[in-house]
Amino acid sequence: MMVRQRLPLVLAVSSLATLATIVWAPTVGSTPISLARVFDPAIDWASNVDAQIFFVARLPRVLAGALVGAALAAAGVVLQALLRNPLATPFTLGVSSGAALGAMLATAFHLEATLLGISAVPLASFTGAMLATAIVYGLAASQRRGLSTNVLLLAGVTLNAFFSALILFVQYFADMTDALRAVRWLMGDLDVGTLAPLAGALPLLLLAAAAMAVLPRALNLLTMGDEVAASRGVDVHRAQRLAFLSASLATGAAVSLGGPVGFIGIIVPHLVRLIVGADHRLVLPASTLLGAAFLVLCDVVARTLLAPVEVPVGIITAVIGGPFFLWLLVRHA
Amino acid sequence: MLQAADVSFRYRPGAPLVLEGISLEVRPGEVVGLLGPNGSGKTSLLRLLSGVRTPTAGVVRLDGQVMSDLSRRAVARKVAVVPQGVDLAFDYTALDLVLMGRHPHLGLFTVEGPADYAHARAALAATGTSALEDRLFRTLSGGEQQRVIIAAALAQQPQVLLLDEPTTALDLGAQLHLAALLLRLNKEHGVTLVISTHDLHLAASVCHRLVLLRQGRIIGSGPVREMLTPGHLRAVFDVDATVLPNDAAGALTIIPTGRHAS
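Chains as they are written, first to last, in the working numbering: chain A, 27 to 359; chain B, -15 to 246.
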């Protein structure tokens, strides 16, 4: 079947799956609610407790999961193609450790600044993510021609280690409560409370999505190597810059919203490739949509597994993701 | 069609020149061989002729226009490259790969239509790889991969095909198969070919004209029979050789007899 025919099919199926997950997920929780009552126009808002629980108490968290999952899965796809390495993740290039350092500093120094209703920790973590992006980009782009993917990889891995050391350093001198709060942040937490943080992250994520939308066919060609891609008519330098910056922006915004939730960026793209093949015009949109559904599902598990205790969602994704990653390694070897 | 005028090239400032004072012209319908030992600058010259690299000095022109002024897409619609090998990071089928050759003909958000599939399938047919269309590229033999890569280049509908040491990784049968394919592409499809090689039999059986390269300079250029002489072979490869006309193969046979003591 031609890609032209497969694309609408893939989009329709992934959209439906994601939408169904997003509508279903808020019905799960300590207080059972009925979808029929939630959407019953005959009951007015003030007396519709089910609707209030659905929209006010649970939907922001579900939407946060959807945005974070979509962004990390999309960033994973883009970076795997850019680095020509199916084992790359959104966190490979140092973006998340920059974000973690920012969050750590904001926590340890009790920063109170807010911007457009967004509090200090997400602001600081996004700043850290962009700082890390700027450093890695500056190093890799200082080569005469375009971005060197080798330098990207080395700079990213080194920056990860360096920022981790700084995080430990700050943690060592922070008081116990702050250190604990920071560690809790590192486990990933989608409990955003209100829609305000989502509204803050959304424009950044839309910008990243717009940049990624022009990339898929170039990503296909980049997986054959820079020179082959160039000889097939790809503006390689432009495509590489766009890929790196859009993936970093998506990762930074996602991490500032939900913390560094691991493994989404590698599990989802690989599962999607098993189903739709390697064409990035199918893999990128399907991974974005199903990444949303996947993280929302993981968060449902996190909320219900040991209810009333909530397990941080990053632990759930890591428990699923760790063995999956090993399976991939063995399969590729 | 393709023209290099007094071109020199180094990969980085301060690095040694890998090409120096190269001037050559490729005319439509020609099969030009770039013959030289390893490290003589053949691959670098192809990179300049395909425009993926820009000369340090001098200028490369495509149909009279300066190559570096043209967009990658504009160049790719006329010039296609067959690299020495392709290392795919993901599992694409042969057809996927050949369809990627349509890239320079498609708009930003255009998805290949029936006409593009027709071009891709014609390219697979021209290279004798139609039966491999749904196979994963990774699972093909070296010779099959080579032909699929050529098909991907043909799907670009190029006027010129640049091939970088196309026979290096092939066994004897695949080499003959490739030589026949290249001749057919040139004669039946009118594709101009520039082939870098150190394979004397390929040069003798396929090329019209040879450009001899050594240490980044052109040391000879002319029709195959004038270039494949014991004297020239000694100058290029430091090898003593006997050159015999071979009527069975319709070309020259070159028998290396020993390394030339200089």
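In this text, a Cβ means the ideal position worked out from N, Cα and C, and glycines have one as well.
Give the straight-line distance between the Cα atoms of residue i and residue j, rounded to the nearest whole angstrom.
{"i": "G278 (chain A)", "j": "M156 (chain A)", "result": "7 Å"}
{"i": "G127 (chain B)", "j": "V281 (chain A)", "result": "47 Å"}
{"i": "N176 (chain A)", "j": "D261 (chain A)", "result": "19 Å"}
{"i": "A163 (chain B)", "j": "A(-12) (chain B)", "result": "26 Å"}
{"i": "F189 (chain A)", "j": "L178 (chain A)", "result": "16 Å"}
{"i": "M250 (chain A)", "j": "L72 (chain B)", "result": "5 Å"}
{"i": "T27 (chain B)", "j": "V223 (chain B)", "result": "22 Å"}
{"i": "L79 (chain B)", "j": "R105 (chain B)", "result": "8 Å"}
{"i": "G85 (chain B)", "j": "L3 (chain B)", "result": "29 Å"}
{"i": "A18 (chain A)", "j": "D76 (chain A)", "result": "A query on residue 18 (chain A) cannot be resolved here, the shown segment of chain A reaching from 27 to 359 and no further."}
{"i": "V339 (chain A)", "j": "A319 (chain A)", "result": "14 Å"}
{"i": "R84 (chain A)", "j": "V218 (chain A)", "result": "10 Å"}
{"i": "A43 (chain A)", "j": "I342 (chain A)", "result": "21 Å"}
{"i": "L180 (chain A)", "j": "V16 (chain B)", "result": "41 Å"}
{"i": "M28 (chain A)", "j": "L35 (chain A)", "result": "11 Å"}
{"i": "S189 (chain B)", "j": "A235 (chain B)", "result": "5 Å"}
{"i": "V88 (chain A)", "j": "D325 (chain A)", "result": "8 Å"}
{"i": "S40 (chain A)", "j": "V49 (chain A)", "result": "14 Å"}
Who are the near neighbours of residue i in its chain, counting only those whose CB is closer than 6 Å to its CB and skipping five residues on each side?
{"i": "M130 (chain A)", "result": "I193, V196, A208"}
{"i": "A107 (chain B)", "result": "V82, A135, L138, A139"}
{"i": "L245 (chain A)", "result": "A107, H306"}
{"i": "P240 (chain B)", "result": "V223, A225"}
{"i": "A227 (chain A)", "result": "A279, L283"}
{"i": "V240 (chain A)", "result": "none"}
{"i": "R329 (chain A)", "result": "E336"}
Excluding the 5 residues preceding and the 5 following residue i in the sequence, name in chain order all residues of the same chain whose CB lies nearer than 8 Å to its CB.
{"i": "F199 (chain A)", "result": "A134"}
{"i": "N5 (chain A)", "result": "This structure leaves residue 5 (chain A) out entirely; chain A is present only between 27 and 359."}
{"i": "W398 (chain A)", "result": "Residue 398 (chain A) is absent from the structure shown; chain A starts at 27 and stops at 359."}
{"i": "Q159 (chain B)", "result": "T151, D183, H185, L186"}
{"i": "A256 (chain A)", "result": "V262"}
Shorter than 9 Å from the beta carbon of residue i to some beta carbon of chain B?
{"i": "G347 (chain A)", "result": "no"}
{"i": "N111 (chain A)", "result": "yes"}
{"i": "R299 (chain A)", "result": "yes"}
{"i": "L89 (chain A)", "result": "no"}
{"i": "M28 (chain A)", "result": "yes"}
{"i": "G303 (chain A)", "result": "yes"}
{"i": "L316 (chain A)", "result": "no"}
{"i": "L33 (chain A)", "result": "yes"}
{"i": "A107 (chain A)", "result": "yes"}
{"i": "A273 (chain A)", "result": "no"}
Could you tell me whether any Cβ in chain A is nearer than 9 Å to the Cβ of residue i?
{"i": "S180 (chain B)", "result": "no"}
{"i": "H103 (chain B)", "result": "no"}
{"i": "M(-15) (chain B)", "result": "no"}
{"i": "T176 (chain B)", "result": "no"}
{"i": "E149 (chain B)", "result": "no"}
{"i": "A106 (chain B)", "result": "no"}
{"i": "M84 (chain B)", "result": "yes"}
{"i": "P12 (chain B)", "result": "no"}
{"i": "E96 (chain B)", "result": "yes"}
{"i": "D222 (chain B)", "result": "no"}
{"i": "R56 (chain B)", "result": "yes"}
{"i": "H216 (chain B)", "result": "no"}
{"i": "D183 (chain B)", "result": "no"}
{"i": "L162 (chain B)", "result": "no"}
{"i": "F74 (chain B)", "result": "yes"}
{"i": "P21 (chain B)", "result": "no"}
Can you give the beta carbon distance from residue i to residue j, rounded, assuming they're within the 8 Å contact cut?
{"i": "L197 (chain B)", "j": "G20 (chain B)", "result": "3 Å"}
{"i": "T181 (chain B)", "j": "T213 (chain B)", "result": "The Cβ separation is near 17 Å, so there is no contact."}
{"i": "A114 (chain A)", "j": "L105 (chain A)", "result": "5 Å"}
{"i": "P12 (chain B)", "j": "M(-15) (chain B)", "result": "5 Å"}
{"i": "P286 (chain A)", "j": "S122 (chain A)", "result": "4 Å"}
{"i": "L321 (chain A)", "j": "V94 (chain A)", "result": "6 Å"}
Relative to the ligand SAH, is the shortest distance from any of its heavy atoms to the C-beta of residue i smaller than 8 Å?
{"i": "L156 (chain B)", "result": "Among the components of this structure there are no ligands whatsoever, and the ligand SAH is therefore not found."}
Report all residues from its chain with a CB closer than 7 Å to the CB of residue i; omit the five preceding and five following residues, and keep chain order.
{"i": "S(-8) (chain B)", "result": "L1, L3, E4, G5, P39, T40, A41, G42"}
{"i": "R(-6) (chain B)", "result": "P0, L1, V2, T40"}
{"i": "R119 (chain B)", "result": "T77, A78"}
Near-chain B residues of the segment 246 to 261 of chain A (beta-carbon distance less than 7 Å), N- to C-terminal order
N246, L247, T249, M250, G251, E253, V254, A256, S257, R258, G259, V260, D261
Please name the residues in the segment 204 to 215 of chain A whose beta-carbon is closer than 7 Å to at least one beta-carbon of chain B, in chain order.
none
Using a Cβ-Cβ cut-off of less than 8 Å, list which residues of the segment 59 to 72 of chain B approach chain A; keep chain order.
V59, A60, R61, V63, A64, V65, P67, V70, D71, L72
May I ask you to list, following chain order, the residues of the segment 127 to 157 of chain B that have a beta carbon less than 9 Å from some beta carbon of chain A?
I133, A136, A137, Q140, L146
Against chain A: residues of the segment 32 to 58 of chain B by CB proximity under 9 Å
S34, G35, V36, R37, S55, R56, R57, A58
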